[in-house]
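Position 86 of the sequence shown, counting from 1, maps to 87 under full-length UniProt numbering, and the rest follow consecutively.
Idealized CB from N, CA, C, for every residue including glycine.
Source: prediction; values computed, not measured.
Data first, discussion second: the structure below is written as structure tokens.
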Amino acid sequence: KSIVVLISGNGSNLQAVIDACASGFIAGQVTAVISNKTAVFGLQRAAEAGIANHALSHKNFASRDAYDKELIKLIDSYQPDLVVLAGFMRILTAGFVNHFSGKLLNIHPSLLPKYQGLNTHQRAIDAGDSEHGCSVHFVTEQLDGGPVILQAKVPVFPNDDAKAVAARVHEQEHQLYPLVIRWFCQNRLQQRGDKAWLDNN
Ligand code: GRF
């Protein structure tokens, strides 16, 4: 399977996916990595793994629509079976989301439907939650609102700051995302309307 990964930064989740493909855990290849920000470490990770990588800066486009159209073109040139958002910090247009419907995944650092949007770790601490985590979901037109596939939980301890919680969540993300992508590449995972469907056989 051909997997295109979209990033905006460090790319530690990207690295987890690259490693899982290299080890055979995922029956697929990351064929391209695209960042909306230039000179981020994730692009270097891709280059080091010998993967095609592109910085497509949104700053050069007049509208969200124009950017997303160009992004679609670039992604489509790799004929992906799956498009993976891994810390891609941009809201996508309905046109984009619908174009890749059923093959677009995101990882979000909260136990959805809790804490959609930004600053999830601080918000979990402020709410006094004793439990927090991350979710992998299919992307729909609703921001962070598509069908959840799998979640991982971490504890939140009384004296934790956001950094400590983020590190604990990140560790789980690096397990969770490769597992879901493995299922997708095994043809065991599908988006069916507002539900995620997993073949357990
Ligand atoms: C992760 O916490 C992910 O859940 C969120 O953005 C962060 C990306 O981290 N969407 P990295 O770039 O993969 O290290």
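For residue i, which residues in the same chain have their Cβ closer than 6 Å to its Cβ, ignoring the five residues on either side in sequence?
i: tyrosine 116; result: Arg124
i: leucine 190; result: Trp184, Leu199
i: lysine 38; result: Ser9
Rounded C-beta distance between residue i and residue j? I'm assuming under 8 Å.
i: lysine 104; j: leucine 83; result: 5 Å
i: serine 3; j: tyrosine 79; result: 6 Å
i: valine 166; j: isoleucine 126; result: 7 Å
i: residue 203; j: phenylalanine 139; result: No information on residue 203 is available, as it lies outside the stretch 2 to 202 that the chain covers here.
Which of the three DSSP states is assigned to residue i in this structure?
i: leucine 105; result: strand
i: glutamine 123; result: helix
i: lysine 74; result: helix
i: leucine 180; result: helix
i: alanine 53; result: strand
i: lysine 2; result: coil
Please report the residue range of the beta strand (DSSP E) in which residue i lies.
i: glutamine 192; result: 190-193
i: threonine 94; result: Taken as a continuous stretch (DSSP letters only), threonine 94 belongs to no beta strand (DSSP E), as it is neither H nor E.
i: glutamine 152; result: 149-156
i: phenylalanine 139; result: 132-139
Got a sec, what are the start and stop residues for the alpha helix (DSSP H) residue i sits in?
i: serine 13; result: 13-23
i: glutamine 187; result: Per DSSP, glutamine 187 belongs to no alpha helix (DSSP H) and is neither H nor E.
i: glycine 43; result: 42-49
Keeping to the same chain, check which residues put their C-beta closer than 7 Å to that of residue i; ignore five residues upstream and five downstream.
i: phenylalanine 26; result: Pro179, Arg183
i: asparagine 14; result: Ala87, Gly88, Ile108, Glu174, His175, Tyr178
i: glutamine 30; result: Ser3, Ile4, Cys22
i: glutamate 142; result: Ala95, Val98
i: valine 34; result: Val6, Ile8, Leu15, Gly43, Leu44, Ala47, Ile52, Asn54
From residue i to residue j, what does the alpha carbon distance come to, in whole angstroms?
i: glutamine 45; j: glycine 96; result: 29 Å
i: isoleucine 108; j: glutamate 71; result: 23 Å
i: proline 81; j: valine 5; result: 6 Å
i: methionine 90; j: glutamate 172; result: 20 Å
i: alanine 56; j: asparagine 202; result: 40 Å
i: alanine 197; j: histidine 100; result: 18 Å
i: phenylalanine 158; j: alanine 168; result: 13 Å
i: isoleucine 150; j: threonine 121; result: 19 Å
i: asparagine 11; j: valine 18; result: 13 Å
Against chain D, does residue i count as a neighbour if the rule is that its beta carbon must be under 9 Å from one of theirs?
i: aspartate 77; result: Note that chain D does not occur in the displayed structure, where there is just one protein chain.
Which same chain residues, not among the five before or five after residue i, have their C-beta less than 8 Å away from its C-beta?
i: isoleucine 92; result: Arg65, Leu144
i: glycine 118; result: Leu144, Asp145
i: glycine 51; result: none
Looking at residue i and the ligand ZN, is the gap between the Cβ and the nearest heavy atom below 8 Å?
i: leucine 86; result: Looking at this structure, you won't find the ligand ZN anywhere; what it does contain is the ligand GRF.
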